Amino acid sequence: MAVLFFMLSGEHPTLPFAELEAVLEAEGIKFETLQKLTQVSRIKADLTSADIATTRCAMVKMSCLEVLHCQAEQHSIIQCVKESKLKELLSPDRSFAVRVKRVRGSAPHLDVEKIEREIGRIAVSQIRGIKVNLEKPTEMLVGVLTDNEFLLGLKLAEKPVKSFFQRQPRKRPFFHPAVLHPKLARCMVNLARTRRGQIILDPFCGTGSLLIEAGMIGCKVLGSDLKSRMVKGSKINLRYFGIEPMGLVVADADKPPFTYADRVITDPPYGRLATTAGQTTSRLLTEFFPAVGEILPKEGYLCLAAPRTIKVREIGENYGFKFIESYFVYVHRSLTREIAVFKAE
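Note that my numbering has the sequence shown beginning at 112, numbered continuously upward.
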């Protein structure tokens with residue numbers, strides 16, 4: 112195993128860390144979390160985990176093989192770079208560049224460009240024949256300043272900036288305003304410890320956001336909704352992204368026509384733009400949990416979103432589900448979502 116660090120997106124303080132660990136767990140990768148810094152997770156794991164996690168996680172931006180880790184002080188950084196094993200990582204017949212990123216204003220006393228130049232100068236002096244290429248380097252050394260610490264690593268994988276752009280709600284052929292952003296939908300799919308080839312059910316499928324993200328990682332998808340318009344729209348959206356659902360039907364979530372799913376991942380209706388067919392969200396969930404209990408196998412995961420005020424943990428535990436974790440996501444002044452994960456027992 113190697114020491115890796117993952118650069119995480121900054122839209123939530125804890126959700127990116129949870130998603131990363133859930134994906135490693137789902138993929139059967141042995142790992143040990145060494146340290147959690149602002150927007151950076153240091154993990155001991157196999158090198159193959161870097162590409163897997165970066166590709167699959169919504170909130171992982173980049174993964175690197177750690178070269179060094181020290182205090183964010185100029186003399187410490189330079190000394191550690193001189194003593195590091197750059198020769199073992201960079202070949203003379205390849206080109207490289209150095210990029211240093213500052214997280215949330217960390218170590219403001221340091222000049223990022225100066226650090227980049229110094230690291231590059233040391234690498235060139237130690238590795239005869241290696242060339243600097245700032246435009247298209249074959250290798251990239253990435254430095255990170257966070258929480259007054261400095262990490263330097265060899266970039267292993269990076270997510271394209273616009274990887275979720277084409278799946279934004281208004282880019283789909285069928286649109287409805289009460290919809291999850293694809294990044295949060297992918298995160299929920301990952302929090303459910305979903306594996307390729309598993310059957311995923313969303314009994315409140317709406318426009319298909321969660322099913323699209325499950326299908327994108329190779330899952331078989333089932334969905335239902337109380338509104339036929341949503342079911343038709345969900346099918347249109349899924350097929351637009353090349354995903355053929357196993358089944359999409361008009362049905363009430365407390366009387367699902369499906370008898371089995373490996374994972375249930377859903378975002379029940381609530382808020383100003385959603386309809387609950389005359390029921391309160393709390394009442395909806397008290398009928399939903401027993402129905403899910405009949406579908407999930409033992410150890411099967413359920414991940415759902417609900418308003419923070421609902422006390423979804425209490426409802427789930429009352430119906431025999433084991434609570435795993437939850438995270439609060441601010442939406443607007445009158446709504447904060449709770450993303451909760453349960454396991455069937």
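Built from N, CA and C at the ideal position, the CB exists for glycine as well.
This one's a predicted model, so the numbers in the text were calculated from it and none came from an experiment.
Terminal residues of the beta strand (DSSP E) in which residue i lies
i: residue 364; result: Taken as a continuous stretch (DSSP letters only), residue 364 belongs to no beta strand (DSSP E), as it is neither H nor E.
i: residue 299; result: Here residue 299 belongs to no beta strand (DSSP E); instead the alpha helix (DSSP H) covers 293-302.
i: residue 251; result: 250-257
i: residue 166; result: Per DSSP, residue 166 belongs to no beta strand (DSSP E); it is in the alpha helix (DSSP H), 159-167.
Cβ-Cβ distance between residue i and residue j below 8 Å
i: residue 377; j: residue 341; result: no
i: residue 263; j: residue 178; result: yes
i: residue 347; j: residue 333; result: no
i: residue 118; j: residue 172; result: yes
i: residue 330; j: residue 170; result: no
i: residue 206; j: residue 257; result: no
i: residue 364; j: residue 315; result: yes
Spatial distance of residue i from residue j (CA atoms)
i: residue 159; j: residue 113; result: 10 Å
i: residue 391; j: residue 446; result: 15 Å
i: residue 401; j: residue 313; result: 15 Å
i: residue 266; j: residue 308; result: 30 Å
i: residue 187; j: residue 420; result: 48 Å
i: residue 274; j: residue 324; result: 12 Å
i: residue 168; j: residue 414; result: 16 Å
i: residue 176; j: residue 306; result: 25 Å
i: residue 243; j: residue 181; result: 24 Å
i: residue 455; j: residue 296; result: 21 Å
i: residue 354; j: residue 268; result: 26 Å
i: residue 224; j: residue 211; result: 8 Å
Cutoff 6 Å; reference residue i; Cβ partners in own chain excluding five residues on either side
i: residue 344; result: 285 and 318
i: residue 138; result: 163
i: residue 144; result: 154
i: residue 230; result: 192 and 209
i: residue 148; result: 257 and 258
Cutoff 7 Å; reference residue i; Cβ partners in own chain excluding five residues on either side
i: residue 135; result: 142, 156, 160 and 164
i: residue 125; result: 438
i: residue 277; result: none
i: residue 388; result: Its pLDDT being 49, under 50, residue 388 is placed unreliably by the model, and the measurement read from it follows with that caveat. Within the same chain, residue 388 has close Cβ partners 337.
i: residue 385; result: At residue 385, the pLDDT of 45 sits below 50, so the modelled position is not reliable and the matter cannot be decided from this model.
i: residue 406; result: 312, 367, 369, 370, 371, 372 and 375
Limits of the unbroken alpha helix (DSSP H) element including residue i
i: residue 128; result: 126-137
i: residue 275; result: Element bounds for residue 275: n/a, residue is neither H nor E.
Cβ shell of residue i (< 8 Å), same chain only, five flanking positions each side left out
i: residue 129; result: 302, 436 and 438
i: residue 408; result: 371, 373 and 455
> Given 8 Å as the limit, is there contact between the segment 236-253 and the segment 288-300, that is, 3 or more CB pairs closer than that?
Replying inline: Cβ pair count under 8 Å is below three, so no.
> Are there three or more Cβ pairs, one per stretch, closer than 8 Å when the segment 215-235 is compared with the segment 190-207?
Replying inline: They touch, by the three-pair rule.
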